[in-house]
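The sequence shown begins at 64 in the numbering used here and counts up one residue at a time.
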Amino acid sequence: MFGGRGARSAFTLLEVVIGLGILSLALLVLVQTQATSVLSTVEADKMMRATELAEEKMTEVLLLTEVEGFTESDKEEQGDFEDFGEEDWRGDDLDLDLQDDDLADFHWAWTVRRIDLTIPTDLAGLMGELEGSGYVPEDQIPETYDNSSLPDLSDYMQPEMITEYLAAYIREVRVVVWWGDEDIDLSEGDEGLPENAVEYVTHVINPTGRLNDPLTGAAND
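Okay, structure coming up:
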């Protein structure tokens, strides 16, 4: 006789369709997860490379600033890394001789500019704020100390004169490296930077305060 105890019915069409649907959904999730993982790895690699390039470019700009000195006007440049490793300033000893097309997607921009310093002239008020904020430990303040005796610098020199005087000694150096086809404008500040960008900012000091002519490189006495 047929149809004994060991016999079992096959899957119905509905069960097969449901099973295929579940399998397709699982494969779709798996593919999307792998694609996201690959994209994240690529973006992380580009971010790391942009960081290294920004550090390299910052070193270059600092060396350039040390050689050329400060100028009255701000300086800025923008470009790509097509000749990276073969710049004239490297010389033969530092020529990297790179053969890497992966840098074709990266761009750089830098500025060296004067900064406007706000100098507090009310020394008594400044010391009072420092004491109240905890920057000056109370045990280091003499008992006979009276900050009201501190002079007001505006009695001796206008704040604008102090700012103008110190501006000759300090410059802000800003370097941005990014990848992609979009252009950026550093004059817009951080608002003009895309998400796929690395920014480095530092300040350099010129102890002499001497400014050079941007065309001749000679010092302006």
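Even glycine gets a Cβ: it sits at the ideal position worked out from N, Cα and C.
Alpha-carbon to alpha-carbon, residue j and residue i
i: Ile118; j: Leu88; result: In the sequence under discussion, the amino acid at residue 118 is Glu, which differs from the Ile named in the question. Answer to the nearest angstrom: the Cα atoms are 45 Å apart.
i: Asn259; j: Trp173; result: 16 Å
i: Ala113; j: Val94; result: 28 Å
i: Gly132; j: Ala107; result: 36 Å
i: Tyr228; j: Thr271; result: 12 Å
i: Glu139; j: Val239; result: 11 Å
i: Gln141; j: Trp171; result: 6 Å
i: Ile85; j: Pro257; result: 40 Å
i: Leu90; j: Val80; result: 15 Å
i: Glu262; j: Leu249; result: 11 Å
Cutoff 6 Å; reference residue i; Cβ partners in own chain excluding five residues on either side
i: Phe144; result: Leu166 and Phe169
Residue i beta carbon near the ligand NAD (any heavy atom closer than 7 Å)
i: Glu227; result: Questions concerning the ligand NAD fall outside what the structure shown contains, since it holds no ligand whatsoever.
Residue i (DSSP reduced to helix, strand or coil)
i: Tyr232; result: coil
i: Gly82; result: helix
i: Glu140; result: strand
i: Glu129; result: helix
i: Thr271; result: coil
i: Glu262; result: strand
i: Thr122; result: helix
Beta-carbon separation (whole angstroms), residue i vs residue j, contact threshold 8 Å
i: Val124; j: Val264; result: About 11 Å; that fails the 8 Å criterion.
i: Lys120; j: Trp242; result: Actually they are not in contact, since the Cβ atoms of Lys120 and Trp242 sit about 14 Å apart, beyond 8 Å.
i: Asp146; j: Val175; result: Incorrect: roughly 21 Å between the Cβ atoms, too far for contact.
i: Leu180; j: Thr128; result: Not quite, the Cβ-Cβ distance comes to about 19 Å (not below 8 Å), so this is no contact.
Residues of its chain near residue i, where Cβ-Cβ distance is below 8 Å and the 5 sequence neighbours each way are ignored
i: His266; result: Ile178, Ile233, Arg234, Glu235 and Val236
Contacting residues, own chain, Cβ-Cβ under 7 Å from residue i (five flanking each side not counted)
i: Ile268; result: Tyr232 and Ile233
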